[in-house]
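**Q** Going down the list, the protein sequences come from chains Z and X.
Numbering of the first sequence is given in the working numbering, commencing with residue 2 and proceeding in unit increments.
Numbering of the second sequence is given in the working numbering, commencing with residue 2 and proceeding in unit increments.
Sharing a structure here in structure tokens format.
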Amino acid sequence: MRNLVVAEHDGTHLRSASLSCLTFAKMVASVTNSDVAWLVLGHGVEDVAAEAANYVPVIAVDSPALAHPLAEPFSQVIAYVARARRIDVLSAATSTFAKDILPRAAALLGGTMASDVVRHELVDGQLQCDCPQYAGAVTATLRLTGSPQIATVRASAYPAAQAMDSQAHAVEQLQVVPAMLTARAQYEGLKSKQKSRPDVTEARVVVSGGRALKNSQDFERLVGQLADVLGGAAGCSRALVDAGITPNELQVGQTGKIVAPELYVALGISGAVQHLAGMKNSRTIVAVNSDPEAPIFEVADYGLVGDVYTVVPELIEKLQYHAACATG
Amino acid sequence: MKILVPTKRVPDTDQKIVATADGTRVAVDHIPYVINPFDAIALEEAVRIGERLGESVEVVAVGIGGEGYEQQLRTALATGAHRAVHVVCGQTLDPWNVARLLRAIVEWERPQLVLMGKQAVDDDASQTGQFLAALLDWPQATFASRLELQGERIRVERETDHGIETLNLPLPAVVTTDLRLNEPRYASLAAIMKAKKKPLDLIDAEKLGVTIDPRIEVLRYRSAETQRRCERVRSVDELIERLRNQVGAIV
Ligand SMILES: Cc1cc2nc3c(=O)[nH]c(=O)nc-3n(C[C@H](O)[C@H](O)[C@H](O)COP(=O)(O)OP(=O)(O)OC[C@H]3O[C@@H](n4cnc5c(N)ncnc54)[C@H](O)[C@@H]3O)c2cc1C
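Set out below in structure tokens:
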């Protein structure tokens, strides 16, 4: 089955989630004895295309009209390429980019789609996908009937593909007719907070704060600093986004980002199902909460009952001390 | 201006949800149903637009599915929708077929704006709004956390993984809503009484000329199991010790 993976990138580099999606596509391709290509869309994407070519062949569409990820032109180009190349399985890593664009492309193609695939199997040429539902309380196994088959793939469920070939694959620059690039929606801008830390989806350690944190200074001083000491990312529960204390891109959960780091530290988070949906597959989970009955302890490996305002400064200080001793 | 708000009826996911022992379905019998929380936000926003702009705005709530929908649509009317349409359909519907039925309703009702939740909290698919926008060939803005109507256009701030993005779209358009957009009101008793007199039309799905063509078959459901046993540590020192010796994740 011919596979096409829509690459997500920041203009210079592939996002690492896309490499996990590539693994999904390569697995599908290898059982069906077929091939995989990237589709790189954007403006001025030579570097991204060259990087992508270290993995599998690349189809690149480069145009000023694709400078921003607008759903209309992106989905039109994706659908066009999928049709022209007779793609059987079209995929992208789950993200707000893919969730916006891929379903629109799927509908243009009249295809069938699974969201946030965490496991798959091929049975008689049809994909069967495990997809978390009900905030992760239930996993449904879906059979996709129809063609092409389209999937967003949960990055934390597949390992990142390795660039193995010594020689880079081909990059094919594809021209599309201007009509395909039209968008009625106008892009007016992106407001993002200055980032000094990695994204929660890309870090080995995630430290998240919940409603226990009373303002953004406290969040920075406790959650941010602990994240720094552990070399990780800072995340949060919805409660802090709603309170305007943290930006939404830090939110972990059913409707935020799904993470599965080596270590997840939940500070003053109660453990609502919607939050658990985003972090319960982390390798090791630590919870600090003043309420011994907080549901977060049910999914934690280590629990410490206490006030984050006293526990966290002590933790930061002792970890810094240990680190200083280690480097001596 | 007419605003169409599709509202899905879903089990209240604040309750504990599990798969049945045989895996054929989700055990929802004892669980109360609600309007999908994201659709409730879409409805609230539509009602607020109506409150701001006055009589020229008509808010139409739509529900697609079996019997129980009437209850959710009455709630939508009590929240402030002017009318409700119940598309009666006994079959299990996947997002693709919901989008096709919605297209038929949009072609009938001719709204300028479709406002709906960014995902339903049962299947968590986040597909229907985008499918509908594609089927209608309308522009879309997903995951809205702020809306501003400007004549024949709408300005939308969207929550993305990398920050808040702003789009400006001509109407008609499909906009899907995120949590931060607003906090839905609770309907007052007076509003609930008044809602009983508001029109709730029934349409048979078959009459819309859409043949349901399932694209997704659910083979089985499995409850997520937690195998973790939480070890309670009594001090920061003990916690650091566990992490260093047993996890090796740090330092
Ligand atoms: C449709 C929908 C989608 C949602 N999606 C998400 C999502 O994606 N992500 C998400 O996180 N939420 C989501 N939510 C919200 C979710 O239901 C919870 O409301 C939210 O996760 C609660 O955040 P919290 O744990 O920080 O706050 P709370 O539930 O208020 O918990 C605060 C915790 O902090 C503890 N605490 C207080 N003070 C201290 C202290 N000084 N020291 C130590 N502990 C302390 C308390 O004991 C309590 O356990 C969603 C809700 C809905 C309806």
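Glycine is no exception: its CB is placed at the ideal position from the N, C-alpha and C atoms.
Between which residues of its own chain and residue 86 of chain X is the CB-CB distance below 7 Å, once the five residues before and five after are set aside?
**A** 61, 63, 106, 202 and 204
**Q** Where does residue 20 of chain Z sit, in a helix, a strand or coil, going by DSSP?
**A** helix
**Q** Determine the DSSP secondary structure at residue 276 of chain Z, reduced to helix, strand or coil.
**A** It is helical.
**Q** Give, in chain order, every residue of the segment 155-169 of chain X whose Cβ lies closer than 9 Å to some Cβ of chain Z.
**A** 156, 157, 158, 159, 160, 161, 162, 163, 164, 165, 166, 167, 168 and 169
**Q** For residue 133 of chain Z, which three-state DSSP category applies?
**A** strand
**Q** Secondary structure at residue 259 of chain Z, three-state DSSP: helix, strand or coil?
**A** coil
**Q** In chain order, what residues of the same chain have a beta carbon less than 8 Å from the beta carbon of residue 4 of chain X, not counting five sequence neighbours either side?
**A** 47, 50, 51, 58, 59, 60, 61, 112, 113, 114, 115 and 116
**Q** So within the segment 45-120 of chain Z, which uninterrupted alpha helix (DSSP H) runs reach at least 4 residues, ignoring any that extend past its ends?
**A** 47-53, 72-85 and 97-110
**Q** If the criterion is Cβ atoms closer than 9 Å, does the pair residue 208 of chain Z and residue 268 of chain Z meet it?
**A** Residue 268 of chain Z is positioned such that its CB atom lies closer than 9 Å to that of residue 208 of chain Z.
**Q** For ligand 1, any of its heavy atoms closer than 8 Å to the Cβ of residue 203 of chain X?
**A** No, since every heavy atom of ligand 1 falls outside the 8 Å radius drawn around the Cβ of residue 203 of chain X.
**Q** Hey, residue 84 of chain Z and residue 5 of chain Z are a contact pair by Cβ (cut 8 Å); roughly how many whole angstroms apart?
**A** That pair is no contact at about 11 Å.
**Q** Flag residue 291 of chain Z as yes if its beta-carbon sits less than 9 Å from any beta-carbon of chain X, otherwise no.
**A** no
**Q** What is the C-beta distance between residue 233 of chain Z and residue 260 of chain Z, in whole angstroms, given that I count them as a contact (C-beta under 8 Å)?
**A** No, residue 233 of chain Z and residue 260 of chain Z are not in contact; Cβ-Cβ is about 10 Å, not under 8 Å.
**Q** Report the three-state DSSP secondary structure of residue 319 of chain Z (helix, strand or coil).
**A** helix
**Q** Taking its Cβ as the centre, do 16 or more other Cβ atoms sit within 10 Å of residue 140 of chain Z, making it buried, or is it exposed?
**A** buried
**Q** Along chain Z, which residues have their Cβ under 9 Å away from the Cβ of residue 126 of chain X?
**A** 104, 114, 115, 116, 117, 132 and 134
**Q** Decide if residue 14 of chain Z is buried, meaning its Cβ has at least 16 other Cβ atoms within 10 Å, or exposed.
**A** exposed
**Q** Taking the C-alpha atoms as reference points, what is the distance between residue 201 of chain Z and residue 211 of chain Z?
**A** 15 Å
**Q** Run through DSSP, which three-state label would residue 246 of chain Z get?
**A** coil
**Q** Quick one: residues in its chain with C-beta nearer than 6 Å to the C-beta of residue 123 of chain X, no 5 flanking neighbours on either side, listed in chain order?
**A** 11
**Q** My assumption, with CB atoms under 8 Å, is that residue 231 of chain X sits in contact with residue 299 of chain Z. Please give the rounded CB distance.
**A** 7 Å
**Q** For residue 223 of chain X, which residues of its own chain have a beta-carbon under 8 Å away from its beta-carbon, when the five flanking residues on both sides are left out?
**A** 20 and 24
**Q** Measure the C-alpha to C-alpha separation of residue 151 of chain X and residue 172 of chain X and round it to an integer number of angstroms.
**A** 10 Å
**Q** Tell me the rounded alpha-carbon separation between residue 134 of chain Z and residue 57 of chain Z.
**A** 32 Å
**Q** For residue 103 of chain X, which residues in chain Z fall below 8 Å Cβ to Cβ?
**A** Taking a Cβ-Cβ cut-off of 8 Å, residue 103 of chain X has no neighbours in chain Z, whose nearest Cβ is about 12 Å from it.
**Q** Name the residue from X:192, X:110, X:7 and X:157 whose alpha carbon lies nearest to the alpha carbon of residue 80 of chain X.
**A** X:192
**Q** Are three or more beta carbon pairs between the segment 27-44 of chain Z and the segment 57-77 of chain Z nearer than 8 Å?
**A** Yes: at least three Cβ pairs fall under 8 Å.
**Q** Taking only three categories from DSSP, how would you classify residue 39 of chain Z?
**A** The answer is strand: DSSP assigns residue 39 of chain Z an E or B state.
**Q** Can you confirm whether residue 91 of chain Z, when its beta carbon is compared against all beta carbons of chain X, has any partner nearer than 9 Å?
**A** no
**Q** In whole angstroms, what is the alpha-carbon distance linking residue 165 of chain Z and residue 220 of chain Z?
**A** 41 Å
**Q** Between the Cα of residue 91 of chain Z and those of Z:328, Z:101 and Z:113, spot the shortest distance and give me the residue it belongs to.
**A** Between residue 91 of chain Z and the set Z:328, Z:101 and Z:113, the nearest pair of CA atoms involves Z:113.
**Q** Do residue 145 of chain X and residue 158 of chain X count as a contact pair if the criterion is CB distance below 9 Å?
**A** yes
**Q** If we count the other Cβ atoms within 10 Å of its Cβ and call it buried at 16 or more, is residue 159 of chain Z buried or exposed?
**A** buried
**Q** How would you call residue 77 of chain Z, buried or exposed, if buried means at least 16 neighbouring beta carbons within 10 angstroms?
**A** With a threshold of 16 other beta carbon atoms within 10 Å, residue 77 of chain Z meets it and is buried.
**Q** Would a check of beta-carbon distances place residue 218 of chain Z closer than 9 Å to chain X?
**A** no
**Q** Contact criterion: CB-CB distance below 9 Å. Does residue 27 of chain Z meet it with respect to chain X?
**A** no
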